[in-house]
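Peer 1: Each residue of the sequence shown is one higher than the one before, starting from 1 at the first, in UniProt numbering. Note that the Cβ used here is the ideal one computed from N, Cα and C, for glycine as well.
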Amino acid sequence: AMLDFSSLSISQPSSSAQASEEPRVKKLLVQHVETVHHSGAVEDVLHSLLHSDLSTKEIKSKTKERNERMKQDKKQDQLRSAARQRHENLGRNARFAQIWKSRKGDNNEVDETLREMCHLYDAVQVDSDGEKHPAEPQMTSVEEGAILCNFLPLLREHLPSAAEEIESDIVSLAQSEDSDVYDIYTVKEVDDTNMEEGASAASYPL
Numbered sequence: 001a002m003l004d005f006s007s008l009s010i011s012q013p014s015s016s017a018q019a020s021e022e023p024r025v026k027k028l029l030v031q032h033v034e035t036v037h038h039s040g041a042v043e044d045v046l047h048s049l050l051h052s053d054l055s056t057k058e059i060k061s062k063t064k065e066r067n068e069r070m071k072q073d074k075k076q077d078q079l080r081s082a083a084r085q086r087h088e089n090l091g092r093n094a095r096f097a098q099i100w101k102s103r104k105g106d107n108n109e110v111d112e113t114l115r116e117m118c119h120l121y122d123a124v125q126v127d128s129d130g131e132k133h134p135a136e137p138q139m140t141s142v143e144e145g146a147i148l149c150n151f152l153p154l155l156r157e158h159l160p161s162a163a164e165e166i167e168s169d170i171v172s173l174a175q176s177e178d179s180d181v182y183d184i185y186t187v188k189e190v191d192d193t194n195m196e197e198g199a200s201a202a203s204y205p206l
């Protein structure tokens, strides 16, 4: 609705000594809110509108704070997740480096030179089914023998025959164990047509 202030009479309370002034704006676009039947209800309408506006602003403010808090919490969760992932990666890399170092061992210049010249492989002989050796009677293992040695004095005192049998097993086990041996072979791709007769395998480089 468009109101023409030039055609309206604006009165002030009698307690006010200020003279009424002509409004600067002659016309103003307004919106109808509510119609009341007495002047006392105007204040109630204005208070309700003000409270409604304050409530709306408060709701918007709380909603904004909640959204900002959720964003901060989400950011903190992302930072914690990234830190945890980084810590797990560091731990995994450290374990891998330790395992690799333990497997690789300490290498000196001689080992590096040897690896530049050749590659070493471990070959294990596997007997076929027809070549399996007959099963030998089970004997006392080294660990068991070491444990039983601690009780030999007591066994000699109370069970002499058992002590003699255990001592015999330990001696037989120590004599039957052979240390590992390593056969070294070298392989070289050679053309049989160009290979001279009587060529020695010792001439092959490692």
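Are the CB atoms of L155 and I166 nearer to each other than 8 Å?
Peer 2: A contact, by the Cβ cut-off of 8 Å.
Peer 1: Could you check the C-alpha separation between A82 and I147 for me, to the nearest Å?
Peer 2: Going from the Cα of A82 to the Cα of I147 covers about 52 Å.
Peer 1: Note down the Cα distance separating C149 from S168, rounded to an integer number of angstroms.
Peer 2: Their Cα atoms are separated by approximately 12 Å.
Peer 1: DSSP on L159, reduced to helix/strand/coil?
Peer 2: Residue state, collapsed to three classes: coil.
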